[in-house]
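Just so you know, we're using our numbering here: the sequence shown kicks off at 635 and counts up by one. In what follows, a structure is listed as structure tokens, so that the remarks can point back to it.
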Amino acid sequence: MIISILFFLILTLSQCVEREKQVSLDPRGAAYAGADQCVACHKNISHSFSNTAHNKSSAPASDKTVKGNFVFDKNEYFYRPDVKVAMEQRDSGLYQVAYKNNIERQATRMDIAIGSGRKAQTYLYWYDDNVYQLPVSWFVPANSWVNSPGYPATQVRFDRNVPIGCFECHSSYIKLKSNEVVGSNVLDNLDRNQVIYGIDCERCHGPAAEHVIFHKEHPEEKSPRNIVGYSALTRQQKIDMCAQCHSGTQTILKTIFDFKPGDTLLNNFFAKSTHINVDELDVHGNQTQLLMASQCFIESKTLTCTSCHNTHVSERDRMKIFSQRCMNCHNQANHNFCSLASSSKTLITDNCIDCHMPAKPSKSITLLSNGQASPLADLVRTHYIKVYPEESKKFISVKK
């Protein structure tokens, strides 16, 4: 009897030790496994997701992650003929170097790259426990260095502080150590050693340590356990998962790093929003409000972000795939197919997007390239789905 009890205790303790070994040292806490733990069972999805803009939304700055041009004569941004910032690769990293009359005045290393580089990237640096934006960014449509958003166009500045809110949508976690008031500003003191760059699995799927432990102990069980299933969420809960970062500037009640699948944003994370005229919404960052104002969303009972977006796969600019998803609802059998289909059927079925979700200039993201008199607006596809007659005419005329 005593031997049996001892055996049971030893077995139980050994399982506890094994469990401790399986839980990662994720900075978010013991409830999180870390994205590397997902690969064993979800290898293909993990590999595919690693190539998405979400996963590459931030990274330590290096010659592999920074997309800008460092070639001589292509690596400069001029504020005035005698004032420039040059992007230079030095022994200790990649630097933005301010010159006046070709005399070096300040050299600051790029520590963090923000943005996947599909459209643009901006760069940050650490100063003690604070993060600041560097003066020059990379803009892919212009294939050139541009003045960073928020900075004056005629003066080199390195002093734009970056709060934790930027990391809440461009990373999976960064630890806030404290706040301090400096003049009229509140500085977030952040821990550079406790950062999870990019958007990872658990940022969307929630804490997964118990899920990982269970399925390692029960590899024969194929039904997901101890994790929130996306299909079990309500429509609004599904929308809220994306709305954390795709619903514009909100009055924040608490950090959205605390958001878990199934949580409700309104009144818990975001203060109660007031009605906003769709025409006043910028196309950048307000995808949720624009979508929910669309008749497609209003008349549907099931349409959510993932009705169109496969978040595990990079599908940028693959118009035919997105159009096929439109036609799951809009087709001849439902008598709600495109009225222009008869003029060019193949063309229309390959691209619903340019007519009904055209790229519009952002009012909030504008960038000034060398030699430009006025800043260039970033073009972002509107999520206010409707008929845009002028866009349709333009599309048909170009494709004829």
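Heads up, the beta-carbon is just placed ideally off N, CA and C, and yes, glycines get one too.
{"Query": "Specify, as a first and last residue, the run of the beta strand (DSSP E) that Ser778 falls within.", "Result": "778-781"}
{"Query": "Indicate whether the contact test is met: 3 or more Cβ pairs, each with one atom in the stretch 743-753 and one in the stretch 685-705, closer than 8 angstroms.", "Result": "yes"}
{"Query": "With distances taken Cα to Cα, identify the nearest neighbour of Phe893 among His852, Pro992, Glu814, Arg837.", "Result": "Arg837"}
{"Query": "Given a threshold of 16 other Cβ atoms within 10 Å of its Cβ, counted over all protein chains shown, does Gln755 qualify as buried or as exposed?", "Result": "buried"}
{"Query": "Please check the pair Leu925 and Leu915, which I expect to be a contact at CB under 8 angstroms, by giving their CB distance rounded to whole angstroms.", "Result": "Rounded, the Cβ-Cβ distance is 11 angstroms, inconsistent with contact."}
{"Query": "Compare the beta carbon distance of Gln988 and Phe1029 with 7 angstroms and say whether it is the shorter of the two.", "Result": "Position check: residue 988 holds Asp in this sequence, whereas Gln was assumed. Contact: yes."}
{"Query": "Going by other Cβ atoms of all chains shown within 10 Å of its Cβ, with 16 needed for buried, is Gln878 buried or exposed?", "Result": "buried"}
{"Query": "Suppose you measure from the CA of Phe773 to the CA of Glu854; what does that come to, to the nearest Å?", "Result": "49 angstroms"}
{"Query": "Helix, strand or coil: which one does DSSP assign to Ser865?", "Result": "helix"}
{"Query": "Using the Cα positions of Asn781 and Phe712, report the straight-line distance between them to the nearest angstrom.", "Result": "9 angstroms"}
{"Query": "Looking only at its chain, what residues have a beta carbon closer than 7 angstroms to the beta carbon of Ile830, apart from the 5 residues adjacent to it on each side?", "Result": "Pro661, Ser805, Ser806, Tyr807"}
{"Query": "Using a Cβ-Cβ cut-off of 7 angstroms (strictly less than) and excluding sequence neighbours within five positions of Ala776, which residues of its own chain qualify?", "Result": "Ser1003, Leu1010"}
{"Query": "Taking Cβ to Cβ, would you say Ile873 is nearer than 7 angstroms to Thr938?", "Result": "yes"}
{"Query": "Smallest Cα separation from Lys888: which of Met875, Phe904, Ser881?", "Result": "Phe904"}
{"Query": "Quick one: is Asp793 buried, meaning 16 or more other Cβ sit within 10 Å of its Cβ, or exposed?", "Result": "exposed"}
{"Query": "When the Cα atoms are used, what is the spatial distance from Gln671 to Arg950?", "Result": "27 angstroms"}
{"Query": "Among residues of its own chain, excluding the 5 on either side of Ser682, which ones have a beta-carbon nearer than 7 angstroms to its beta-carbon?", "Result": "His946, Val947"}
{"Query": "Taking the Cβ atom as the reference point for each residue, do Gln871 and Gly896 lie within a distance shorter than 7 angstroms?", "Result": "yes"}
{"Query": "Buried or exposed for Cys715, please, with buried defined as at least 16 other CB atoms from any protein chain shown within 10 angstroms of its CB.", "Result": "It should be pointed out that residue 715 corresponds to Pro in this sequence rather than to Cys. Under this definition Pro715 is an exposed residue."}
{"Query": "At the level of alpha carbons, what is the spacing between Ala720 and Glu814?", "Result": "33 angstroms"}
{"Query": "According to DSSP, is Met721 part of a helix, a strand, or is it coil?", "Result": "strand"}
{"Query": "Identify the residues that DSSP records as bridge partners of Val1014: which are they?", "Result": "Lys994"}
{"Query": "Give me the Cα-Cα distance between Gln958 and Gln929, rounded to the nearest whole angstrom.", "Result": "19 angstroms"}
{"Query": "Of all the options Phe848, Asn736, Tyr757, Leu821, which has the alpha carbon lying nearest to the alpha carbon of Gly727?", "Result": "Tyr757"}
{"Query": "Check each candidate in Leu659, Gly882, Ser684 and name the one with the smallest Cα separation from Asn920.", "Result": "Gly882"}
{"Query": "Hey, could you find the ends of the beta strand (DSSP E) Thr742 is sitting in?", "Result": "737-743"}
{"Query": "Among the candidates Met961, Asn735, Glu802, whose CA atom is the shortest distance from the CA of Ser692?", "Result": "Glu802"}
{"Query": "Quick check on Lys809: does DSSP put it in helix, strand or coil?", "Result": "strand"}
{"Query": "Within this structure, are the beta carbons of Pro992 and Leu1013 separated by less than 7 angstroms?", "Result": "no"}
{"Query": "Quick one: which unbroken beta strand (DSSP E) runs of 3-plus residues sit fully inside the stretch 798-844? Chain order, please.", "Result": "805-816, 819-831"}
{"Query": "Taking only the alpha-carbon atoms, compute the straight-line gap between Ser812 and Asp822 and give it to the nearest angstrom.", "Result": "6 angstroms"}
{"Query": "So, are the CB atoms of Ile955 and His990 less than 7 angstroms apart?", "Result": "no"}
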